[in-house]
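Novice: 5 is the number of the first residue of the sequence shown in this note's numbering; add one for each residue after it.
Here it is, the structure, as C-alpha cells.
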Amino acid sequence: MALKPLYRQDLHIHTIYSTGDSAVVPEQTIKLVSKINHAEIIGISDHFEYLGDVYEKYRDEVYSYRFKLGTEVDGSRSVEAAAKLDFDYYIYHCWDSNPEDYRSVHKLLNTGKPVIIAHPYATGTKLEKIPEECYVEINNRYVYRYDWKAFFSGFTKKFRFVLSSDAHQPNWLNQNVSRMVAEELGIQETLLF
C-alpha cells in the first residue's frame, strides 16, 4: 500500500551519501525516503563536501527515484566546485561572521538554479545581506531552538520561503514545527518545482 504524501514539497533531506554527518543513520537511504513518500515533491540534498568522487552515482540514484537533485553547500569554500556540477537547486550556509559567504551566494545564483538559504537562525545569517532572489528556509530541525519571531521580523515580505524537514533520520521526515512557525508568521510556502 502506497502512503499518501502529507506535504507538497521537501527539498532538504540527507541520506547515507552525507557520510561525514554523524546525525545520518544507516537506514536513511534514498530508497527508504521513497517508501515513506511524505511529500509530493522530494529533493535529496546531501552535503556537497561529502559527495567527492560519488557525485555521478549520487545523481543517478536520486534521479532513478524521480527526485530533485540538490546539495547543501557549507559556505564559500565549496561554492566554485558546487556551481560547476549540475544540480536542480542549492541549499547554502551563510555563516554570520564570514563576509565571503555573502559574496559567494551570487556565484550560485548565477547558475540560474534556485538557491535556498539554509536554516539561517542556526548559522547566524544576516538576512539583510541576502539577495532577494534567494529563498529562505524554515526547517523542522532547528527552528524551535531560536526566537524565530524576532529573527524573521521584518523579513516575511522580503523573501519567499521554503519549508523543509532537514531529515537525517527516517523519523525526522516531517514538517510540523516549520509549518506551525510559517502559519504564525503569516508566511506562504513557495513551491520551487
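We put the beta carbon where it would ideally sit given N, CA and C, even for glycine.
1) So, for residue 125: in the same chain, excluding its five sequence neighbours on each side, which residues have a beta-carbon less than 7 angstroms away from its beta-carbon?
2) What's the call for residue 167, buried or exposed, on a 16-neighbour Cβ count within 10 Å?
3) Can you grab the Cα-Cα spacing for the pair residue 31 / residue 157, in whole Å?
4) Measuring alpha carbon to alpha carbon, tell me which residue in 45, 51, 71 is nearest residue 25.
5) Please classify residue 84: is it buried, with 16 or more other beta-carbons within 10 angstroms of its beta-carbon, or exposed?
6) Round the Cβ separation of residue 65 and residue 20 to the nearest angstrom and send it over; I've been treating them as touching at under 8 angstroms.
7) Return yes when the Cβ of residue 74 is within less than 9 angstroms of the Cβ of residue 49, no when it is not.
8) CA-CA distance, residue 127 and residue 69?
Specialist: Once the coordinates are examined:
1) 146, 147, 150, 152, 155
2) buried
3) 38 angstroms
4) 51
5) exposed
6) The pair is not a contact, with the Cβ atoms about 10 angstroms apart (cut-off 8 angstroms).
7) yes
8) 31 angstroms
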